[in-house]
Amino acid sequence: MSQNRETAPHGVPFFIDTHSHFDATEFDSDRESEYARAVTAGVGIQIVPSVAHSNFDAVAEVCTRHPGCLPAWGLHPMYIDTHRREDLDAVRAQIAAQRPVAVGEIGLDLFVRGLDFATQEYFYVEQLKIARDHELPVLLHGRRANDLLLKHLRRIRVPGGIAHAFNGSAQQAAEFIKLGFKLGFGGAFTWTRALNLRRLAVDLPLESIVLETDSPDIPPAWIGHGRNSPAELPRIAAVLAELRGISVDEVAEVTTRTARTLLRL
Ligand SMILES: [Zn+2]
Numbered sequence: 006m007s008q009n010r011e012t013a014p015h016g017v018p019f020f021i022d023t024h025s026h027f028d029a030t031e032f033d034s035d036r037e038s039e040y041a042r043a044v045t046a047g048v049g050i051q052i053v054p055s056v057a058h059s060n061f062d063a064v065a066e067v068c069t070r071h072p073g074c075l076p077a078w079g080l081h082p083m084y085i086d087t088h089r090r091e092d093l094d095a096v097r098a099q100i101a102a103q104r105p106v107a108v109g110e111i112g113l114d115l116f117v118r119g120l121d122f123a124t125q126e127y128f129y130v131e132q133l134k135i136a137r138d139h140e141l142p143v144l145l146h147g148r149r150a151n152d153l154l155l156k157h158l159r160r161i162r163v164p165g166g167i168a169h170a171f172n173g174s175a176q177q178a179a180e181f182i183k184l185g186f187k188l189g190f191g192g193a194f195t196w197t198r199a200l201n202l203r204r205l206a207v208d209l210p211l212e213s214i215v216l217e218t219d220s221p222d223i224p225p226a227w228i229g230h231g232r233n234s235p236a237e238l239p240r241i242a243a244v245l246a247e248l249r250g251i252s253v254d255e256v257a258e259v260t261t262r263t264a265r266t267l268l269r270l
């Protein structure tokens, strides 16, 4: 037990939501109250990754209005059809204009049909180079693509990052960890049927896990198909604590410290 445990203003543990699309239109009607609800719950920092050049302004605005929202700049593989080569220059320019905590959200998606793989790979590799050149960690989106993500990470050395919404094997997790990565856990493992994720959530070293909501997506079990929100993070942490048989204070302390060290917060 640490003597100097970080707490939020109301004495609750301090959490970092390492992946929140808080700029999404789903929050347009109540973003202020949802931000306040998150802060009250202890979620004092949200990392807000961009997904395409077209939402850089929205992410920048959310991060300017809310002191706890910190941006990451990148081009997401699911929007591959909208990316242009010159958008890579826009990523570099945005990094120069507003220093992010990471390059993201970037990666590869082999689950969604119709996303051209060669183009995805091109944008992924080019953005790894941007992260390497700016000494920034990366926020990775990967579906059915962990081995391909890892292949390029071994070649282009970035200062670590987060395998967001990780859902791979224990061996793939170990390979990410070797390369300085943390595994992002959120609403998905709160579902009792998520056996692989629940096993990983218990077996992985706590020091290699960071928490995230991916709001407004990946709702936890108690929300069902509704909108996810950063304020849910402490309850997600409580599920992790229960699965591991430790206190939620310890989960908060370790995961917050891990995120701070990785993202230099
Ligand atoms: Zn995302």
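What the sequence shown shows, in my numbering, is residues 6 to 270, in sequence order. Virtual Cβ for every residue (Gly too), placed ideally from N, Cα, C. Quick caveat: nothing in here was measured; it's all calculated off a predicted structure.
Nearest to residue i by CA position, among the options, is which residue?
i	options	result
L80	P54, C74, S34	P54
L205	A98, K187, D222, L153	K187
D22	S234, R269, V253, G250	S234
D94	A199, I85, W78	W78
S59	T197, D86, R198, W196	D86
D62	S34, A102, R90, P72	A102
D114	T195, A170, T30	A170
L248	F122, L267, A199	A199
V117	A150, H139, E66, T266	A150
P142	D152, L270, Y40, G231	L270
A43	A179, P72, T266	P72
T45	R265, T261, A236	A236
G191	G231, I214, F32	I214
T12	F27, I50, I182	I50
D138	Q177, P76, V108	V108
A136	E110, R148, G119, L153	E110
T195	Q177, R262, F181, E217	E217
T263	I182, I223, A193, R159	I182
R163	H146, R148, K134	The sequence given here places Val at residue 163; Arg does not occur at that position. Ranking H146, R148, K134 by Cα distance to V163 puts K134 first.
N172	H230, L75, A193, E39	A193
Y127	H157, S38, V106, G185	H157
E31	R104, A123, R232	R232
H88	L209, R148, V106, V56	V56
Kindly examine ligand 1 and report whether one of its heavy atoms sits closer than 8 Å to the Cβ of residue i.
i	result
H81	yes
P76	no
E237	no
H58	no
D219	yes
P54	yes
H24	yes
E31	no
H169	yes
H146	yes
P110	Reading the sequence as shown, one finds Glu at residue 110 and not Pro. Yes; taking the cut-off as 8 Å, the Cβ of E110 has a heavy atom of ligand 1 nearer than that.
D222	yes
Pull the bridge partners of residue i from the DSSP assignment, please.
i	result
S220	S25
I100	Answer is none; I100 lacks a bridge partner.
A168	L145, L188
L200	In DSSP, L200 forms no bridge with anything.
C74	Q51
I214	L188
L113	G147
A107	A77
P18	T12
I want to see whether chain C comes within less than 9 Å of residue i, judged by CB atoms only; does it?
i	result
H157	In the structure shown, chain C cannot be found, because there is only a single protein chain.
Around the Cβ of residue i, are there at least 16 other Cβ atoms within 10 angstroms (buried) or fewer (exposed)?
i	result
N201	exposed
S25	buried
Q132	buried
L245	buried
I251	exposed
D219	buried
E66	exposed
T197	exposed
A257	buried
P225	buried
Q176	exposed
G112	buried
D152	exposed
E37	exposed
H15	exposed
H230	exposed
V253	buried
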